[in-house]
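Going left to right, the sequence shown walks through residues 359 to 720 as the working numbering numbers them. Idealized CB from N, CA, C, for every residue including glycine.
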Amino acid sequence: MRTLLPPVLFHAGMERPEADEGETIDALRDVFLDMARTVAAAEGHAYRAVHAKGQALLKGRLQISDGLPEELAQGLFATPGAYECLVRFSSPPAEQLPDTVSTPRAIAVKVLGVTGERVAESEEQHSQDFLMVNGPTFTSPGPQGFLRSTKLLAATTERMPRTKAVISAALRGGERMLEAAGGSSGKIKGMGGEPQVHPMGETYFSQVPFRFGPYIAKFCLRPVSATLQALSNAPIENSEDSQRDAIQEALASGRADLVWELCAQLCRDEEAMPIKDASVEWPQELSPFIAVATLRVPPQVSWDDAESPGIEDRLAFSPWHALQAHRPLGALNRARRVVMAASRAYRSQHNGCPLHEPLPGE
Numbered sequence: 359m360r361t362l363l364p365p366v367l368f369h370a371g372m373e374r375p376e377a378d379e380g381e382t383i384d385a386l387r388d389v390f391l392d393m394a395r396t397v398a399a400a401e402g403h404a405y406r407a408v409h410a411k412g413q414a415l416l417k418g419r420l421q422i423s424d425g426l427p428e429e430l431a432q433g434l435f436a437t438p439g440a441y442e443c444l445v446r447f448s449s450p451p452a453e454q455l456p457d458t459v460s461t462p463r464a465i466a467v468k469v470l471g472v473t474g475e476r477v478a479e480s481e482e483q484h485s486q487d488f489l490m491v492n493g494p495t496f497t498s499p500g501p502q503g504f505l506r507s508t509k510l511l512a513a514t515t516e517r518m519p520r521t522k523a524v525i526s527a528a529l530r531g532g533e534r535m536l537e538a539a540g541g542s543s544g545k546i547k548g549m550g551g552e553p554q555v556h557p558m559g560e561t562y563f564s565q566v567p568f569r570f571g572p573y574i575a576k577f578c579l580r581p582v583s584a585t586l587q588a589l590s591n592a593p594i595e596n597s598e599d600s601q602r603d604a605i606q607e608a609l610a611s612g613r614a615d616l617v618w619e620l621c622a623q624l625c626r627d628e629e630a631m632p633i634k635d636a637s638v639e640w641p642q643e644l645s646p647f648i649a650v651a652t653l654r655v656p657p658q659v660s661w662d663d664a665e666s667p668g669i670e671d672r673l674a675f676s677p678w679h680a681l682q683a684h685r686p687l688g689a690l691n692r693a694r695r696v697v698m699a700a701s702r703a704y705r706s707q708h709n710g711c712p713l714h715e716p717l718p719g720e
């Protein structure tokens, strides 16, 4: 058995922005706002600039594991206990696409009633948010490559019907497939997408790193209850709301809670597990994901067409709703801070709907 190296200690020198990072992030903000405005003009309602289509809104409970070793008993995970939380399943595109257009899947967990020193500009918040996608790596190393892809995506958003034909390839295939969007319909038709499998059987990854007390970590959320594990790679029907329907069926079909493990992967080798390049998967043989908490979701109604859209309009999830002990790291996280804040402000203003940070018990 391989002996694990000790976790790498975080130091300020790891967070040195590139000279043009600010300009790149501002450009990303502008491109995403343009896409949000295009969608709002077409659909009469402002949605999130990313992860626009909510597939489920759930209430759950996060139980912090007891007996964690020192390197894992950090921040939120320093003391065993239970927290109420909200869980949102979503699809990453900026549009309300039918689920017949296959795209990546995402999950956001908002842990409520969290106390402790917070990152700047989140002092009025009281949650710790975890945002994850069903893949371990990001499509670009950093903001520069992401900006190039996003500009191409924005060009298709101006042609709304075509966007629906290429969006999944745009998000998963990156620049190469997006560039083909300017060509014939045959090229667009040949673009691939995510397989239509059950979103609750997936493992979700943070993709980018965070402070973990004095250390650095990535997170994942993996299914552990038998019901969820049986849904791994399980095909679902190809219909407009197939993901929403599949999630509701899974929650309604049993009496037991659905259970996931929230896991942390500590950085133990700065070269093999880079902080600045989000396109590199951290090798699990050097540092496995280890469970630090358990997420339990009881049977419930996961989506109500009459109420859920309004609840979504009032909610905001961000990796920067965070304790200082779990401060987001890297250029992509710094970009998310600016882009998500702009998206939230535009969405709230356009819809005339103030955002609300929920409290435990609500």
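Contact check for Arg695 against Phe368 fails: the beta carbons are separated by 9 Å or more. Annotation for Gly412: the continuous beta strand (DSSP E) segment containing it runs 411 to 422. Exposure of Ala370 is indicated by the presence of fewer than 16 other C-beta atoms within 10 angstroms of its C-beta. Counting along the chain, Phe570 sits inside the beta strand (DSSP E) bounded by residues 568 to 570. In the structure shown, Lys634 falls within a coil segment according to DSSP collapsed to helix, strand and coil. Assignment of Val389 by DSSP, reduced to helix, strand and coil, places it in the helix class. A direct Cα-to-Cα measurement between Arg602 and Ala377 gives close to 43 Å. According to the DSSP secondary-structure assignment, Val655 is paired through a beta bridge with Leu616.
Comparing alpha carbon positions, the residue from Gly668, Leu690, Arg692, Ala680 closest to Asn709 is Gly668.
Burial check for Thr382: the Cβ neighbour count within 10 Å reaches 16 or more, so the residue is buried. Between the beta-carbon of Glu429 and that of Leu624 there is about 6 Å, and that keeps the pair under the 8 Å contact cut. Nearest C-alpha to Ala414 among Glu665, Lys634, Arg476, Ser701: Glu665. Note that the segment 427 to 444 touches the segment 650 to 660; at least 3 beta-carbon pairs, one per stretch, sit closer than 8 Å.
Asp627 is positioned such that its CB atom lies closer than 9 Å to that of Leu363. Pairing Ala385 with Leu505, the inter-Cα distance amounts to about 7 Å.
Closest in alpha carbon position to Thr458, among Ile594, His409, Ser590, is Ile594. Contact between the segment 560 to 569 and the segment 695 to 705 is absent, with fewer than three C-beta pairs closer than 8 Å.
The criterion of a C-beta distance shorter than 9 Å is satisfied by Ser480 and His679.
The three-state reading of DSSP puts Phe504 in helix, counting H, G and I together. Asn596 sits close to Gln554, with the two beta carbons spaced by under 9 Å. The C-beta of Ser676 has 16 or more other C-beta atoms within 10 Å across all chains shown, which makes the residue buried.
Under the criterion of beta carbons closer than 8 Å, Ala394 and Ser701 qualify as touching, at roughly 6 Å. Between Ser590 and Gly571, the C-beta spacing is not below 9 Å. Secondary structure of Tyr704 (DSSP, three-state): helix.
Looking at the DSSP output, Lys509 bridges to nothing.
Measuring C-alpha to C-alpha distances from Glu475 to each of Cys711, Pro718, Arg685 identifies Arg685 as the nearest. Contact annotation, Thr508 with Ser637: C-beta distance approximately 15 Å; criterion of less than 8 Å not satisfied. Taking a C-beta distance under 9 Å as the contact criterion, Asp615 and Pro657 qualify as a contact pair. Remark: C-beta atoms of Phe447 and Leu470 do not approach each other more closely than 9 Å. Annotated three-state conformation of Leu367 is coil, per DSSP. With a 10 Å radius around the Cβ and a threshold of 16 neighbouring Cβ atoms, Gln587 comes out exposed. In this structure, the CA atom of Asn691 is about 12 Å from the CA atom of Pro499. Here Lys468 has Cys443, Leu444, Ser485, Asp487, Phe675 as same chain residues with Cβ atoms under 7 Å from its own Cβ, once five neighbours each way along the sequence are excluded. DSSP places Arg446 within a strand segment (E or B) once states are collapsed to three.
Between the C-alpha atoms of Leu489 and Ile465 there is a straight-line separation of about 6 Å.
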